[in-house]
Amino acid sequence: MRRCNVYEAIYLQNWNTPMTTTLSRREALAVGFGGLAAINDSLFAADKSDADLDVIDCHTHFFDPTRREGIPWPRKGTPLYRTVLPKHLRELKHFRRVTGTVIVEASDRLEDNAWLLGLAKDDPFVVGIVGRLEPGSADFAKHLKRFAANPLFRGIRISVGLLRKLLDKNDLDDLKLFADRDLALDVNGGPDTPAELARLAERLPDSRIVLNHIGNVRITSDPPPKDWVKGIRAAAKHKNVSCKISALCWAAAHGGKKASRDLGFYRPYIDVVWNAFGDDRVIYGSDWPASERAADYAMQQRIVMEYAFDKGKDVTRKFCSLNAKRIYKWVEREGRR
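Residues in the sequence shown are numbered consecutively from 40, following our numbering.
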């Protein structure tokens, strides 16, 4: 019989899952008397009401294939090809209740930025939009001005391939506009992405740059790859670079593998990121619903929350919402909670 930690015990109980694990006497007593705080102040969240912890998921995707114009992604015939809206995220079972979200683009069509902003208009649960525009393209500045006029538009996401192209050509004028408009730049790509962010951050120190999914490194039982570790540390040396700790289970499920349920499996990789960026530049995100191909929402959330809980109340609050509020400058909306 496998021994679980106290977080997992409470998670399993909350899901009405048969207990097939054992607890130490001390852990069992703590669970019986109402929660994690009985063990250690750093485990504060499990015996408090959901309202005590503001949790902003800073990486979600929403789309609706029933729209007249359809959607470019996900592809028809795939499990993700369905209507996915903020209400569906709220309806999921969470380890800790999600109280808001920053939506990240899932389409390369210009007007889908407007669709997302329309989606957010009457839903205070949505605190920001990271849209899709292409720096270096015709009318970029015009389109950026248009969308940035909406306070819910908090930045854009680009690929590391495009970023590398712009860096190599020394074509950074469009990226400089982000600092001018007080917006953030998300960058998504493979394990080489952190090193490219270090190049960008050195040249644009006034911009706010966010690494997505810890660089999409494959998470295995082996030690983290040295080149990825080096890149993470290089990016983190620049105070204008932050990192979303997101899509961990997906990174562990490549090649059809089953994603581990245990924090210990992911800890060496989270350690690299957290130790490099520190408590003030790590951000919570899920990559839902794309991430559901690897694990359910509550399991993914539990893994990173366990890690944060161990660092105490203040750090957990930073990770769950406060860091993102400073980095994205997302909009606090009446009626959100």
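Glycine included, every Cβ here is placed at the ideal spot set by N, Cα and C. Computed from a predicted structure; not experimentally measured.
Neighbourhood of residue i by C-beta, 7 Å cutoff - its chain only, sequence neighbours within 5 removed
i	result
Ala221	According to the sequence shown, residue 221 is Asp rather than Ala. Once the five neighbours on either side are set aside, the close Cβ partners of Asp221 are Lys368.
Asp374	Checking the sequence shown, residue 374 turns out to be Gly, not Asp. Same-chain partners within the cutoff: Pro163.
Leu236	Val226, Ile248, Leu250, Ala274 and Val280
Gly167	Val141, Leu191, Arg193, Tyr367, Trp369 and Val370
Leu302	Ile342, Glu345 and Tyr346
Lys204	none
Thr122	Asp103, Pro104 and Thr105
Ser81	With a pLDDT of 36 at Ser81, under the threshold of 50, the modelled position of this residue cannot be trusted; read the value that follows with caution. The residues are Phe348, Asp349, Lys350 and Gly351.
Pro328	His100, Leu119 and Val123
Arg300	Met338
Arg365	none
Trp313	Val321
Reference residue i; option with closest CA among the options
i	options	result
Leu239	Ser330, Lys208, Ala153 and Leu183	Lys208
His127	Phe164, Arg135, Trp112 and Arg114	Phe164
His11	Ile142, Leu183 and Leu211	Because the chain here runs from 40 to 376, residue 11 falls outside it and cannot be looked at.
Asp212	Ser246, Arg193 and Ser198	Ser246
Glu26	Ala347, Ile195, Lys204 and His277	With the chain covering only 40 through 376, there is no way to say anything about residue 26.
Gly200	Ile284, Ala223, Leu156 and Gly254	Gly254
Arg372	Lys160, Lys132 and Leu119	Lys160
Asp147	Pro113, Leu124, Arg129 and Phe134	Pro113
Ile34	Ala315, Lys215 and Leu206	As displayed, the chain neither begins before 40 nor continues past 376, which places residue 34 out of reach and without an answer.
Ala187	Ala223, Asn314 and Ile322	Ala223
Pro244	Ala218, Asp266, Ile284 and Asp151	Ala218
Leu124	Arg136, Pro111 and Gly157	Gly157
Asp151	Pro262, Pro111, Tyr120 and Ala329	Pro111
Pro118	Phe358, Glu331 and Trp313	Glu331
Tyr323	Met338, Ile284 and Gly317	Ile284
Leu149	Lys181, Leu131, Gly116 and Phe134	Lys181
Arg185	Asp210, Leu205, Ala153 and Leu206	Ala153
Gly317	Pro328, Arg272, Phe134 and Gln339	Arg272
Cys282	Ala329, Pro262, Arg300 and Pro233	Pro233
Ala337	Leu155, Gly270, His133 and Val169	His133
DSSP bridge partner residues for residue i (one or two, in chain order)
i	result
Asn227	Ser198
Arg375	Bridge partners of Arg375: none, in fact.
Phe102	Val123
Asp91	Answer is none; Asp91 lacks a bridge partner.
Lys283	Ile322
Val256	None; Val256 has no bridge partner.
Arg247	Ala223
Asp96	Thr140
Close beta carbons around residue i, own chain, < 8 Å, minus the five adjacent residues each side
i	result
Arg356	Leu92 and Asp93
Phe304	Ile258, Ser260 and Ala291
Ser198	Val226, Asn227 and Gly228
Leu172	Leu149, Asn152, Phe179, His182, Leu183, Phe186 and Ile195
Pro263	Val256, Pro307, Tyr308 and Val311
Beta-carbon proximity list for residue i, same chain, < 6 Å, skipping 5 on both sides
i	result
Ile95	Gly139, Ser360 and Ala363
Ala334	Cys288 and Ala298
Val268	Val311
Ala145	His100, Phe102 and Trp112
Gly71	Note that Gly71 scores 38 on pLDDT, short of 50, meaning its location in the model is unreliable and no value can be drawn from it.
Asp326	His98, Ser285 and Ala286
Arg12	Not covered by the structure: residue 12. The range shown for the chain is 40 to 376.
Leu25	Past the edges of the chain, shown from 40 to 376, lies residue 25, and the structure says nothing about it.
Phe358	Val321, Tyr323 and Ala347
Ala315	Ile271, Arg272 and Ala275
Asn189	Leu156
Asp210	Gly175
(request) May I ask you to verify whether the stretch 295-313 touches the stretch 336-344, counting CB pairs closer than 8 Å and requiring at least 3? (result) Yes, the stretch 295-313 touches the stretch 336-344.
(message) Check whether the stretch 249-260 and the stretch 288-299 touch, using three or more Cβ-Cβ pairs below 8 Å as the test.
(response) With a cut-off of 8 Å, the stretch 288-299 and the stretch 249-260 count as touching, because enough Cβ pairs lie within range.
(request) Write down every uninterrupted run of the alpha helix (DSSP H) in the stretch 163-215 whose length is 4 residues or greater and which is fully enclosed by it, in chain order. (result) Restricting attention to alpha helix (DSSP H) runs no shorter than 4 residues, the stretch 163-215 encloses them at 179-187 and 199-207, ordered along the chain.
(message) Is it the case that the stretch 97-114 contacts the stretch 345-357, given that we only count it when at least three CB pairs across the two stretches are under 8 Å?
(response) Output reads no: the stretch 97-114 does not touch the stretch 345-357.
(request) Check whether the stretch 227-239 touches the stretch 172-188, taking contact to mean three or more Cβ pairs, one atom from each stretch, closer than 8 Å. (result) Here the stretch 227-239 does not lie against the stretch 172-188, with fewer than 3 beta-carbon pairs under 8 Å apart.
(request) Return the chain-ordered ranges of every alpha helix (DSSP H) run that is complete within the stretch 123-160 and spans a minimum of 4 residues. (result) Here the runs fully enclosed are 125-130 and 150-160.
(request) With a floor of 3 residues, list each beta strand (DSSP E) that falls wholly inside the stretch 303-373, ordered by position along the chain. (result) Counting only runs of 3 or more residues that sit fully inside the stretch 303-373, the beta strand (DSSP E) segments are 321-323, in chain order.
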